[in-house]
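Per this note's numbering, the first sequence runs over residues 256 to 829. Don't be surprised by glycine CBs; every beta carbon is placed ideally from N, CA and C.
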Amino acid sequence: MERSTQYMLLSKLLGDRFKEKPADAFMISHIFMLRGGYIRQVSNGIFSLLPPAAKAAQKIEQIIREEMDNIDGQEVLFPVVLPAELWQESGRFDSVGSELLRFKDRGGRDMVLGMTHEEAAVHLARNEAKTYLKYPFMIYQIQTKFRDEPRARGGLIRVREFTMKDAYSFHTSQEDLEAYYQRTLDAYFRIYHRAGLKNVMAIQSDTGMMGGRKAHEFMYLSEGGEDTIVFCENCDYKSNMEVAVSKIHKESAQEQEIQEVHTPDIKDIEKLAEFLNIKESQTMKATVFFRRDNEQPVVVFVRGDLQVNEVKLRKILGTEVFPLVDYDGIDLCFGFIGAYNLNAKNVQVMYDKSLEGEKNLACGANKTDYHLVGVSVERDLKVDRFVDVAKVSEGEACVHCGSPLKVSRGIEVGNIFQLGTKYTESMNMQYMDEDGKLQTPIMGCYGIGVGRLLACVIEDNHDEYGPIWPKAVAPYLVHICVLNQSQEEVNQLGWQLYDELREDYDVILDDRGAAAGVQFADADLLGAPVRIILSKRNAGNGQVEIVTRDKKIKKLVPVDTVRQEVAAALEQVK
RNA sequence: CGGGGUGUGGCGCAGUUUGGUAGCGCACCUGGUUUGGGACCAGGGGGUCGCAGGUUCGAAUCCUGUCGCCCCGACCA
256 MERSTQYMLL
266 SKLLGDRFKE
276 KPADAFMISH
286 IFMLRGGYIR
296 QVSNGIFSLL
306 PPAAKAAQKI
316 EQIIREEMDN
326 IDGQEVLFPV
336 VLPAELWQES
346 GRFDSVGSEL
356 LRFKDRGGRD
366 MVLGMTHEEA
376 AVHLARNEAK
386 TYLKYPFMIY
396 QIQTKFRDEP
406 RARGGLIRVR
416 EFTMKDAYSF
426 HTSQEDLEAY
436 YQRTLDAYFR
446 IYHRAGLKNV
456 MAIQSDTGMM
466 GGRKAHEFMY
476 LSEGGEDTIV
486 FCENCDYKSN
496 MEVAVSKIHK
506 ESAQEQEIQE
516 VHTPDIKDIE
526 KLAEFLNIKE
536 SQTMKATVFF
546 RRDNEQPVVV
556 FVRGDLQVNE
566 VKLRKILGTE
576 VFPLVDYDGI
586 DLCFGFIGAY
596 NLNAKNVQVM
606 YDKSLEGEKN
616 LACGANKTDY
626 HLVGVSVERD
636 LKVDRFVDVA
646 KVSEGEACVH
656 CGSPLKVSRG
666 IEVGNIFQLG
676 TKYTESMNMQ
686 YMDEDGKLQT
696 PIMGCYGIGV
706 GRLLACVIED
716 NHDEYGPIWP
726 KAVAPYLVHI
736 CVLNQSQEEV
746 NQLGWQLYDE
756 LREDYDVILD
766 DRGAAAGVQF
776 ADADLLGAPV
786 RIILSKRNAG
796 NGQVEIVTRD
806 KKIKKLVPVD
816 TVRQEVAAAL
826 EQVK
């Protein structure tokens, strides 16, 4: 039988489905995308999308597009390949690490593969927006990015090549940027809501390589997430662990005399506390890093029960830091480093605010196999300033309302930044204001990874058999199973319904004549919200069965009411 | 980049310890019987065992090197 839309026939759909879990996949979305014939890996972190995934991705893109247009976005398309000069202008050609893929063209010119497009956006906008009359404006694109991630993982959750919506807004005042930033934030929530993703939280985040002063990440809360989120259940405080702050409970000890204690082979806080029979919070911990810029060691003292947050430390030092592993030639007594009488040369020393005012602490004596007890910070140490470099733990107090903080995991499904003038200034973008004066515009940028969002939609909407696609992103809305294809009457009915329904919906027809179990299993993996099951049993009575993928509806309906029944069922599912 | 694991047909695996020229299940093709949760019978196609060297009469198997992939960590809009 010749049909024009054969690609919606399951017999023609490219991509085999299989029942065994691929050995390399661990995340639900990854497993179902492989098993359901949605994606195939080409290389580490590089995937091809098969028709069902391509269709779902297009639907997500369309939702994003509508919401971006809704906040006055103008869609554009920047190149994937950019000349290095553009990135040299902004300074990022040197400042960004090896995740930026650099190469030379045939003429030997340095090129990069776009991993984000601030430079391209400014390059375009600086020549097209020379008067305040154009402002504010936002341009966005939906396009391929390449980031040479050190470690791709989890199928589409973390990849090297991916499709992203990235948007750039330009403003004539900070207030205007902030107002627009809020509109974008609202638009993002509408996008996640429409795509069927629940449990998304906007949190304060580190600005990382993007720079700028304020940033939020949108986190889909999930056990398997890579990011750690700190939030207060009582007030609005929500933050990425990287920049989270808290109020810690102060110990209120009495001052004591400093005494030296013999502590053979006791090199960590846990053992020290046990040996001295005190709490870990009654000790002082020394953590040693070295700076990337001048390779100088940095000793950070924190209260013994806390950890150092390297992102905070990096921000304070203004350079990357790495935990020190090679102790050779360093003027420190490892395992016994203490703040009292520390006379190390060429070593930078920092104190976390957790130590402020603490009394009667145990710490290293800067002498192998000895510690000191009775050290009081104010009495015994000369501290110019305390910095906040400690990692927040669950249960510590919220700095805003004092309630206990909670910690959970999440996957970043979007982010927004107030960039300020970092790019417009370095790349010389100016416009003329009402008074005829040249001004530098203020910029914001806003990203959403399409594939990652798609994967999260599965993470958030599935059962043990496969995805339960929300109708807004489902590759196919209606899936017709023909259980007794050999019965001409049933077979004909399948084609008839297929022809009818595809006028209104994305329909896929299982025309393979496979066993019922095979058809159902494949339908589960393809996850269409509504399934129509045709069988000789019911066709004989002029009936078909309609079930929804979420199993909430399962009913027999007369053949001639199928259109209404499908519409009604779709009305009821998410 | 550090630590660990693993590479045998599209997917899942056995065979490697003790060398003898590759096998199982699923999937695929043909014919037939089936048809409401991955059916059955019969026949069939597909793998230079990641790659390169070496040892050996002979290597999936032993040795050396190398690459890919996965996990943990580091890193990351």
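| Asked | Found |
| --- | --- |
| With 16 as the cutoff for other CB atoms within 10 Å, does Ala645 come out buried or exposed? | buried |
| Would you identify the three-state DSSP class for Arg361, choosing helix, strand or coil? | coil |
| Tell me whether Ala450 is buried or exposed, calling it buried when 16 or more other Cβ atoms sit within 10 Å of its Cβ. | buried |
| Go ahead and label Asn670 buried or exposed: buried means 16 or more other beta carbons lie within 10 angstroms of its beta carbon, across all protein chains shown. | buried |
| Assuming Gly782 contacts Ile723 under a Cβ cut-off of 8 angstroms, what Cβ separation, rounded to an integer in Å, is found between them? | 6 angstroms |
| Are Ala824 and Ile808 closer than 7 angstroms when you measure CB to CB? | yes |
| To which residues of the same chain is His517 closer than 8 angstroms at the C-beta, ignoring the five residues directly before and after it? | Asp624 and Tyr625 |
| From which residue to which residue does the beta strand (DSSP E) around Thr399 run? | Phe392 to Phe401 |
| If you reduce the DSSP assignment to three classes, tell me which class Val602 lands in. | coil |
| Using DSSP's beta-bridge definition, name the partner residues of His426. | Ile697 |
| Apart from the five residues on each side of it in sequence, which residues of its chain come closer than 7 angstroms, Cβ to Cβ, to Glu471? | According to the sequence shown, residue 471 is His rather than Glu. Excluding positions up to five away in sequence, the list reads Leu440, Ala457, Ile458, Gln459, Ser460, Asn670 and Ile671. |
| In this structure, does DSSP put Val799 in helix, strand or coil? | strand |
| Please report how far the alpha carbon of Leu304 lies from the alpha carbon of Ala434, in whole angstroms. | 37 angstroms |
| Got a sec, what are the start and stop residues for the alpha helix (DSSP H) Asp635 sits in? | Val632 to Asp635 |
| Helix, strand or coil: which one does DSSP assign to Phe333? | coil |
| Are Ser790 and Leu748 closer than 7 angstroms when you measure CB to CB? | no |
| Between the Cα of Ser658 and the Cα atoms of Glu374, Leu587, Lys502 and Leu572, which residue gives the shortest distance? | Lys502 |
| Taking contact to mean 3 or more Cβ pairs, one atom from each stretch, closer than 8 angstroms, check whether the segment 285 to 292 and the segment 343 to 362 are in contact. | no |
| I'd like to know whether the C-beta atoms of Gly699 and Met419 end up nearer to each other than 7 angstroms. | no |
| Here's the rule I'm using: 16 or more other beta-carbon atoms within 10 Å means buried, otherwise exposed. How should Gly593 be labelled? | buried |
| Starting from Arg546, trace the beta strand (DSSP E) both ways and give me its first and last residue. | Met539 to Arg546 |
| Hey, quick one: how far does the beta strand (DSSP E) through Ser663 stretch, first residue to last? | Leu660 to Gly675 |
| Name the residue from Asp761, Phe486, Leu527 and Tyr753 whose alpha carbon lies nearest to the alpha carbon of Val654. | Phe486 |
| Go ahead and label Glu430 buried or exposed: buried means 16 or more other beta carbons lie within 10 angstroms of its beta carbon, across all protein chains shown. | exposed |
| Let me know the secondary structure DSSP gives Glu257 once reduced to three states. | Because the pLDDT of Glu257 is 46, which lies under 50, any placement of that residue in the model is unreliable, and the number read from its coordinates should be weighed accordingly. Coil, per DSSP. |
| By the 10 Å Cβ neighbour count, where 16 or more other Cβ atoms means buried, how is Phe544 classified, buried or exposed? | buried |
| For the segment 305 to 312 against the segment 363 to 383, are there 3 or more C-beta pairs whose distance is under 8 angstroms? | no |
| If you measure between the beta carbons of Met366 and Val414, is that distance less than 7 angstroms? | no |
| With distances taken between CB atoms, is the gap from Ala528 to Thr538 smaller than 7 angstroms? | yes |
| Give the range of the beta strand (DSSP E) segment to which Glu515 is assigned. | Gln514 to His517 |
| Who pairs with Cys653 in a beta bridge, going by DSSP? | None; Cys653 has no bridge partner. |
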